Amino acid sequence: MKYIIAIIKPHRLDPVRDALAQIGINGMTVTEVQGYGRQRGQKEIYRGAEYEVHFLPKVKLEVATDDAVAEQAVEAIQQTAHTGQIGDGKIFVLDLNQVVRIRTGETDAAAL
Amino acid sequence: MKYIIAIIKPHRLDPVRDALAQIGINGMTVTEVQGYGRQRGQKEIYRGAEYEVHFLPKVKLEVATDDAVAEQAVEAIQQTAHTGQIGDGKIFVLDLNQVVRIRTGETDAAAL
Amino acid sequence: MKYIIAIIKPHRLDPVRDALAQIGINGMTVTEVQGYGRQRGQKEIYRGAEYEVHFLPKVKLEVATDDAVAEQAVEAIQQTAHTGQIGDGKIFVLDLNQVVRIRTGETDAAAL
Amino acid sequence: MISKFMPKKLFVAAAGAVMLSVPAAAEVSAETAYVFNTLLFLVGGFLVMWMAAGFAMLEAGLVRSKNVGEICLKNISLFGVACIMYLLMGYNVMYNGVDGGYIGTFLPWSADDAAATAAEGATFDANYAAASDFFFQVVFVATAASVVSGTVAERIKLFPFLIFTVVLTGVIYPIQGAWQWGGGWLSEMGFVDFAGSTIVHSCGGWAALIGAIILGPRIGKFTEDGKVRPMPGSSMPLATLGTFILWVGWFGFNGSSQLALGSAVDAVAISNVYLNTNMAACGGLIAAMLVTKLVYKKVDLSMVLNGALAGLVSITAGPDTPTPLIATLIGAVGGVLVVFAVPAIDKLKIDDTVGAISVHLICGIWGTMAVPLTNADASFVTQLIGVASIGAFVSLTSAIAWFALKATVGIRLSAEEEELGSDLAELGLEAYPEFGRGSQKLSF
Amino acid sequence: MISKFMPKKLFVAAAGAVMLSVPAAAEVSAETAYVFNTLLFLVGGFLVMWMAAGFAMLEAGLVRSKNVGEICLKNISLFGVACIMYLLMGYNVMYNGVDGGYIGTFLPWSADDAAATAAEGATFDANYAAASDFFFQVVFVATAASVVSGTVAERIKLFPFLIFTVVLTGVIYPIQGAWQWGGGWLSEMGFVDFAGSTIVHSCGGWAALIGAIILGPRIGKFTEDGKVRPMPGSSMPLATLGTFILWVGWFGFNGSSQLALGSAVDAVAISNVYLNTNMAACGGLIAAMLVTKLVYKKVDLSMVLNGALAGLVSITAGPDTPTPLIATLIGAVGGVLVVFAVPAIDKLKIDDTVGAISVHLICGIWGTMAVPLTNADASFVTQLIGVASIGAFVSLTSAIAWFALKATVGIRLSAEEEELGSDLAELGLEAYPEFGRGSQKLSF
Amino acid sequence: MISKFMPKKLFVAAAGAVMLSVPAAAEVSAETAYVFNTLLFLVGGFLVMWMAAGFAMLEAGLVRSKNVGEICLKNISLFGVACIMYLLMGYNVMYNGVDGGYIGTFLPWSADDAAATAAEGATFDANYAAASDFFFQVVFVATAASVVSGTVAERIKLFPFLIFTVVLTGVIYPIQGAWQWGGGWLSEMGFVDFAGSTIVHSCGGWAALIGAIILGPRIGKFTEDGKVRPMPGSSMPLATLGTFILWVGWFGFNGSSQLALGSAVDAVAISNVYLNTNMAACGGLIAAMLVTKLVYKKVDLSMVLNGALAGLVSITAGPDTPTPLIATLIGAVGGVLVVFAVPAIDKLKIDDTVGAISVHLICGIWGTMAVPLTNADASFVTQLIGVASIGAFVSLTSAIAWFALKATVGIRLSAEEEELGSDLAELGLEAYPEFGRGSQKLSF
Ligand SMILES: Nc1ncnc2c1ncn2[C@@H]1O[C@H](COP(=O)(O)OP(=O)(O)O)[C@@H](O)[C@H]1O
Ligand SMILES: Nc1ncnc2c1ncn2[C@@H]1O[C@H](COP(=O)(O)OP(=O)(O)O)[C@@H](O)[C@H]1O
Ligand SMILES: Nc1ncnc2c1ncn2[C@@H]1O[C@H](COP(=O)(O)OP(=O)(O)O)[C@@H](O)[C@H]1O
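Residue numbers (our numbering), protein chains in the order written: chain A, 258 to 369; chain B, 258 to 369; chain C, 258 to 369; chain D, 234 to 677; chain E, 234 to 677; chain F, 234 to 677.
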């Protein structure tokens, strides 16, 4: 199984969720994060002193999938989160050994 | 070593921490996250318009363990976080290559 | 490739970011987390009742790197986040299968 | 001797007896009345000035956190603009030489207190210090402008909004105000608007309505399939605080609109106004609470707050004539109106961020039309003429102003700026830099 | 001519000289006194009304964020309910025909100002406009009800709470109020309670105490091993703001309870009341600060805020007789009391969310018993009788009301709803939708 | 009969006519004037007391969230300390037997109202109730102390700060106050400071400046390469609310500094003061808005708020003499000054957390020096002597006090405590426990 971690722009979250639903993925976990990369931060000003906020608000998506769907999922995220502008984010895919559904104790594929 | 990621209901955090302590795990990292799954979100209402909040507050637990304890840890989490109601969450287990304790520079088992 | 997860003290974030930049790593994702470990929480008091806040504010850094740089990166983080005091945090290194840059669709090394 | 441990009620009766035994002149002297009247304006003035804080907090609570700083800025700066414009011309356009007509003179205001402060032979016919009157009047202007800021929040550009405020407070508001309070044609016709349901609240409401239409809704407010997507306000306690501030300020707004405190008759009238104002707010909020519970099963706090304000706006045209129970009912009707007006305006795809159109325009009209119910001196027809003529005038002139701004400097933030939030776009700062910005995106 | 650049003190003396040289009547005319008295009630009234905002902010700051919206709603709606009930019956139950007895008449209030507003031969024996008195009295009722809302917060259901408020403000408060301020048996006996340490604050406090006992503590407040688990309030600045608002409002609460401003004697008395009220608050907060520092090594802000309020409640029964230094000490004792009362009440496993029982009940009793220390007209025995009889009456009737509600509609949220928070459960919204809900769960 | 539907302006004229026809004594009676004057102090007093809440909210909004609880605590406790110290000695040091000299007597204050409350032959030369004067004066002291708390926020220890407050309010403020308002040497020389641009605001400002220098900047405020690292305030709406509260309170601050309301002349003067105070605030904020937009391309809300306050401080020395337009300009100059003073003070590596030095000290000086522009009784030289002598005195005595504290108990939090935040370090609690603490660390 795969553990997909995607860093995306916050306003792309809804479309990505829809895109994943269309390929049958109905579970995910989302975290607010701060991203640092090529995209430069916002210039802010406070009481006459300018400063740069280095980190930009991003959303981190974590989705566990079967190996079979993983590729599709990555593609779906890449295409839907894509705006073409700098700072669109990244997708990371890791191997996943085991999954347990807490409610039922089911494991692996059955737990997804 | 294993890297265990568990998504649980917020109010189960304290019991889970206790359960892990009992099997000798005394370190963990916790993040507030938003979960999306079978459990439906809360219906909210604002100024005459109803809407569904799709994401529900969950807590993400990250625990790095020795291979030896990992199974026990997963079981402890599953049993303590379990309420039997939809939305109880999931446990994901990944392989972990290396651990470093920043304070001492110790690595792997010694760093846990 | 490697996926490095580091839990550090919040005020070490800036130096660590600089240190990583010096070895050519210019992307990372940061999350506010709550840590639990040997470092004891803060005693707080409210309306005549004392209590311990078990979790302490930490910052989680996630950095994806080439295998080649990974070791250097871990070392840079360990040395810069280090204060010598309890609660300095930990570094975890996981294997990373795949990376995609959402903006361009580039993958793996090219996407970092 | 007055003993303090006597019960309240009895003690007062006793004190009354003491008073009567004093062989004093029964009347209020002319100079004393002058002081009382001036005091009434000053106390009323600081209370109404305080309403500016109420609007700021209400609106800060009802917008999303990425726009909170800008709405604070708008509310405090519009107050500044309104005061300056009213000084430069507004007051005299409204009060100077209207004489049954349509408009006064475009001149800066200045005080003339010579008669009352003459070293010898001072007379007190002016009844109050000139500046106290100006101070009281000027805070009303700002109220009208505050109404607009709430409706067009989260998408309008700062300086175009302030330019509109210049026009509204320097020209539009004073002209229609002249028709009634300046002694113009409407007042001659017998129109009744005690403290400004129409002249202040509806006036602001019309300008807001036209602004909202020309500006268009916030991005994402209405989905493609025609549904309304709520954008919950960032802080309910601030919205509640704002409502309470407005409520307190309203005692000045309505109470001091009696314009005199120099006699028992005036004191009685003002007391009735205070009580009715209070009861109408109570009626409005309780009605809104019960109706939202019935209709939506849950009680929407933001609506209840609007309900209290609806009650206040509703009673403002005639807080002097009803009994307290009738005042409660007039307020309650306002509270019900607002609960239905908010979704109705949403249906029309008009995006009113804080519900100001429902509260100030709809209830302003209702309040004005309700005056004849308890005031024999008022007639439905005249009230209707007043509402309609002011509505037409303000809508027309506002539309011209909004369109002129749109065609020249532009009135709307770019989509990108709106997405980012007006705080970062126009102020370069965040209202709550440490409280997890961005989280609002997770609500959907 | 009065020159403004003279120093304050001297200038006043000079102005005094000018005044004296005027051959005017020295006394205050009857009608002028009537206006002054009415004004005193109106200013006092809007100040006390403002206290409703203070309670709302204090309680909003001291509950957890998942219950902030509901506590705002409760505070604004209880004000509405209190005003309406007092109009419908409360006022007349309290003041109409008590005559040394126990209860007035169950009739709606209406104004009678005929004597003062008669076109000819007006007399001013009534001393003030009827509605100004009603307005001032009605805001006190709401205060008593506000006390309850804080104690039972975070677990009570909205509508049952409001029904209790109906009973409290329509029946319970007015009846015990009649005993003293209505000229009933307690006042005949010589009980002294200037502005309501017992009649307003303890009354609310008893109702809150009984409510807290019947309702039970919040889930998780007391752990199985008997420890107290603190549930820190969500916003210290809002709690601070609420305290300041209450402090300001208290000048109206106590000051205008002099009930007359129509003479120099009254003006002096009110001034003393203002100063003593202020000093007692200072004493309470400084004492609470020092004691918490000594006992806990740290200064607990929430306790200091309670200390200021404790000082205010403590002086309320007799703000007219002490010197300012004694007033400071009376307040200081209140501040100390509250620091020890809060954990003591916790030990009894009574869950008082905002500390209202400690502040309003305990210090209300202390303040009432402290009156004889500086007021020769008061006796300890009579004060004790007043405290005890009102305590017994309010406790009993509250218990009946709470139990009746519990047995019928139920008063408590389900465990699940309480866990979720009353905002989502009853209002269907969040008070701070963008500020990371759920985080409170991480505090333990 | 007075018909309510007449237009405001005309109606008043009509009422005036009615009034004149009454054959009443034209003058204000001595006792009526006594009541008016007392009332002026009481209303002014509660308004200025309310400013304490304004400072608390402003400062709570402008510090980072980890220090919000402590700044709330400081603001409420310094008020307590100030009132107690002024009672114990401050008032008499300032007003008792100064007689053209430098200092009064170190004695507790007590009221003497015997003449006005005598059962027989009462006289009203005192002009107002003693406690009303004390109450009004005492709230000024607290204002001076509040200025200090904002500047030294986020790094000073709580109790050393309060000890400094003891010295400031018990000794430093009263002595320099005695020079002018107590009838000391400065007043004899003809110095003019109507409501305290120098005596209150600059006094606080100097104490703050010296404190900031001795204390040093917050950790991280100035980077090694000499750049300023901004530390944005945690809540813009609270800062805005605080500004509005201060604005409202300022009507009491300046208006009631007329010290008498017992005649039409006074009523006119107070009205002018109200209006000028309001216009100066408007001028200050609009000027600050325009200048920040020009200089920085964006409008810095925190600067605009400072601009409004700058306007208010600037007009405080002479709100009685300018026309409203000139008052607007005086305020506007203050608003411009503050925009440039804030970064200039940063450049000097003096860390003024909320900008209080720029607002209160710089504009206090400007306002004092601007008096001769509109007041023929004032001279630039005397004004300069006043500013300089008070500056020297307050700076010197403050320096002694700060150094003594530094040498004994220490005034600064340890680096670790500062990093952790003063809330956890000194209060043991968090101001916003549920809103994601720690996030501020991500801003850089
Ligand atoms: N090496 C990395 N490891 C982890 N996260 C990264 C890395 N590089 C970039 N990111 C995340 O991806 C986001 C977008 O990256 P950025 O370089 O700004 O734009 P782009 O991906 O379009 O080139 C960053 O804000 C950061 O959150
Ligand atoms: N495929 C997934 N990947 C990552 N997180 C998931 C996934 N599926 C579910 N989750 C997380 O688990 C939580 C609970 O899942 P849900 O389907 O609601 O209930 P249950 O696990 O009881 O069937 C979700 O809120 C989400 O945070
Ligand atoms: N087994 C673990 N798994 C995940 N995170 C851990 C683990 N142990 C420690 N941590 C994280 O590292 C932080 C520091 O650990 P702690 O034991 O307090 O200090 P130290 O690393 O200096 O011994 C913790 O607050 C927690 O966030």
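All residues carry an ideal CB built from backbone N, CA and C; glycine is no exception.
All figures in this text were calculated on a predicted structure; none of them were measured in a lab.
Quiz item: Three-state secondary structure (DSSP) at Q409 of chain F?
Solution: helix
Self-check item: Option in B:T340, B:R274, B:E301 with minimal Cα separation from K530 of chain D
Solution: B:E301
Exercise. Would you decide whether I359 of chain A is buried or exposed? Buried here means 16 or more other CB atoms lie within 10 Å of its CB.
Key: buried
Practice problem: Could you name the residues of chain C that T288 of chain B contacts, counting a contact when the two beta carbons are closer than 9 Å? | Solution: T288, E289, V290, Q291, K317
Practice problem: Please classify S647 of chain F: is it buried, with 16 or more other beta-carbons within 10 angstroms of its beta-carbon, or exposed? | Solution: exposed
Practice problem: Report the neighbours of L369 of chain C on chain B: residues whose CB is nearer than 9 Å to its CB, in chain order. | Solution: Those do not exist, as L369 of chain C stays about 18 Å from chain B at its closest Cβ, beyond 9 Å.
Quiz item: Helix, strand or coil for Y665 of chain F per DSSP?
Solution: coil
Self-check item: Which listed residue (D:V546, D:I548, D:V524) has its alpha carbon closest to that of V537 of chain D
Solution: D:V524
Quiz item: Per DSSP, what kind of secondary structure is A257 of chain E in: helix, strand or coil?
Solution: Confidence at A257 of chain E is low in this model, with a pLDDT of 44, below 50, so its placement is unreliable and the value that follows should be read with caution. Here A257 of chain E sits in coil by DSSP.
Self-check item: Selected residue, minimal CA-CA separation from F392 of chain D, among D:L617, D:I519, D:K307, D:F269
Solution: D:K307
Quiz item: Short check: CB of G551 of chain D to CB of G568 of chain D, under 7 Å?
Solution: no
Quiz prompt | Same chain only: Cβ atoms within 8 Å of T271 of chain F, ignoring 5 sequence neighbours per side | solution = Y361, A362, S365
Quiz item: Got a sec: which bits of the region 310-325 of chain F sit with their beta carbon under 9 Å from any beta carbon on chain E, in order along the chain?
Solution: S310, F312, G313, V314, A315, C316, I317, L320, L321
Quiz item: Counting contacts by CB-CB distance shorter than 7 Å, is I348 of chain C in contact with chain B?
Solution: yes
Practice problem: Taking all protein chains shown into account, decide if F613 of chain E is buried (16 or more other Cβ within 10 angstroms of its Cβ) or exposed. | Solution: exposed
Quiz prompt | Heavy atom of ligand 3 within 6 Å of T286 of chain B beta-carbon | solution = yes
Quiz item: Would you report the Cα separation of P470 of chain E and A286 of chain F, rounded to the nearest angstrom?
Solution: 10 Å
Quiz item: Can you list the alpha helix (DSSP H) stretches of 4 or more residues lying completely in the region 471-539 of chain D, in chain order?
Solution: 497-529
Quiz item: Which residues in the same chain have their Cβ closer than 7 Å to the Cβ of P256 of chain E, if we skip the five residues on either side of it in sequence?
Solution: Residue placement at P256 of chain E is flagged as unreliable, the pLDDT there being 37, under the threshold of 50; a coordinate-derived value is accordingly withheld.
Quiz prompt | Endpoints, beta strand (DSSP E) assigned at F349 of chain C | solution = 347-352
Quiz item: Looking at C-alpha atoms only, which residue of A:A367, A:V326, A:N354, A:I265 is the closest neighbour of G294 of chain A?
Solution: A:I265
Quiz item: Are any of the Cβ atoms in chain F nearer than 7 Å to that of Y308 of chain C?
Solution: no
Quiz item: How close, in whole Å, do the beta carbons of L681 of chain E and L662 of chain F come, if the pair is a contact with beta carbons under 8 Å?
Solution: In this structure chain E extends from 234 to 677, so residue 681 of chain E is not present and cannot be described.
Quiz item: Nearest-angstrom Cα distance between V501 of chain D and D346 of chain E?
Solution: 7 Å
Quiz item: How would you label S254 of chain F, buried or exposed, when you count the other beta carbons within 10 angstroms and need 16 or more for buried?
Solution: For S254 of chain F, the pLDDT reaches just 34, beneath the cut-off of 50, and the residue's location in the model is therefore unreliable, although a value from the coordinates is still provided. It is exposed - the Cβ of S254 of chain F has fewer than 16 other Cβ atoms within 10 Å.
Quiz item: Would L351 of chain A count as contacting chain B if we go by Cβ distances under 7 Å?
Solution: yes
Quiz item: Would you say A321 of chain B touches ligand 3, meaning its beta carbon is less than 6 Å from a heavy atom?
Solution: yes
Quiz item: For F288 of chain E, does the three-state DSSP call read helix, strand or coil?
Solution: helix
Practice problem: Just mark D324 of chain B as buried or exposed, buried being the case when its beta carbon has 16 or more other beta carbons within 10 Å. | Solution: exposed
Self-check item: When E:V380, E:N300, E:G313, E:Q413 are compared against I336 of chain E, the one with the closest alpha-carbon
Solution: E:Q413
Quiz item: So, helix, strand or coil for F312 of chain C, using DSSP?
Solution: coil
Quiz item: Given V310 of chain A, which residues of its chain have a CB within under 7 Å of its CB, disregarding the five upstream and five downstream residues?
Solution: G298, Q299, E301
Practice problem: Could you tell me the distance, in whole angstroms, from the CA atom of D352 of chain C to the CA atom of G341 of chain B? | Solution: 34 Å
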